[in-house]
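One structure is given here, and the rest of the page talks about it.
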Amino acid sequence: MLFAGGGGLGSSPNIRRSIRGECENTTSNSTRALGGSYSEVCKIVDCSNGICDHDPYRYMRPMLKASFCLQPPGDTPTRRSTFDAILAGCIPVFFEESSAKTQFGWHLPENQFDEFSVFIPKEEVVLKNSEHHGCSNGNS
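Residue numbering for the sequence shown follows our numbering, starting at 5 and increasing by one per position.
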């Protein structure tokens, strides 16, 4: 699983902070379960301050290895990395309906979104601390 993006470092509850925390906890718990050997279940690629804008290898290389690419909304509901994820063969995981259906409605019919993506309401992640890594175990 991959989260490539910035933000989520503030103290107030938000989707990006919840994803970062869950991603760090999942990888940490996986390492303990393996007796100290390292297993990166969820990778975070920090793209804060536009650092990935001029370095596509920074996020595309891990995206090519990931099965699921987390797509939380940012300043706007759309994300360039959604398109990159699809091209890389990484299943996009959306947290807002508008993130998926609004930005790609002209290319993909709305009734096909379940065929190429996963949707988890952001409220489940932020308010209920949903373990979104469950989708990689077939619990989508």
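Glycine included, every Cβ here is placed at the ideal spot set by N, Cα and C.
Measure the CB-CB distance between residue i and residue j and report whether it falls below 8 Å.
{"i": "alanine 8", "j": "methionine 67", "result": "yes"}
{"i": "threonine 86", "j": "glutamine 116", "result": "no"}
{"i": "isoleucine 19", "j": "valine 129", "result": "yes"}
May I ask you to report which of helix, strand or coil DSSP gives residue i?
{"i": "serine 22", "result": "helix"}
{"i": "glutamine 166", "result": "It is not possible to answer for residue 166, since the shown part of the chain is limited to 5 through 144."}
{"i": "cysteine 151", "result": "Outside the displayed range of the chain (5 to 144) lies residue 151, so it cannot be described from this structure."}
{"i": "glycine 78", "result": "coil"}
{"i": "glycine 54", "result": "helix"}
Which residues does DSSP pair with residue i in a beta bridge?
{"i": "valine 122", "result": "Val97"}
Between the Cα of residue i and those of the options, spot the shortest distance and give me the residue it belongs to.
{"i": "alanine 70", "options": "Pro17, Pro76, Lys47", "result": "Lys47"}
{"i": "proline 77", "options": "Asn29, Phe123, Glu26", "result": "Phe123"}
{"i": "glutamate 2", "options": "Asn53, Ile23, Cys27", "result": "For residue 2 there is no data in the structure shown, the boundaries of the chain being 5 and 144."}
{"i": "glycine 93", "options": "Gly25, Ser52, His58, Cys73", "result": "Cys73"}
What first and last residue would you give for the alpha helix (DSSP H) that runs through residue i?
{"i": "leucine 68", "result": "61-69"}
{"i": "isoleucine 90", "result": "84-92"}
In the DSSP assignment, find the unbroken beta strand (DSSP E) run with residue i in it and report its ends.
{"i": "glutamine 75", "result": "72-75"}
{"i": "phenylalanine 7", "result": "6-9"}
Within 7 Å: the Cβ of residue i and any heavy atom of the ligand ZN?
{"i": "proline 76", "result": "Of ligands this structure carries none, so the ligand ZN is not represented either."}
Can you find a CB in chain C that lies within less than 8 Å of the CB of residue i?
{"i": "aspartate 59", "result": "Among the chains of the structure shown, chain C does not appear; only one protein chain is present."}
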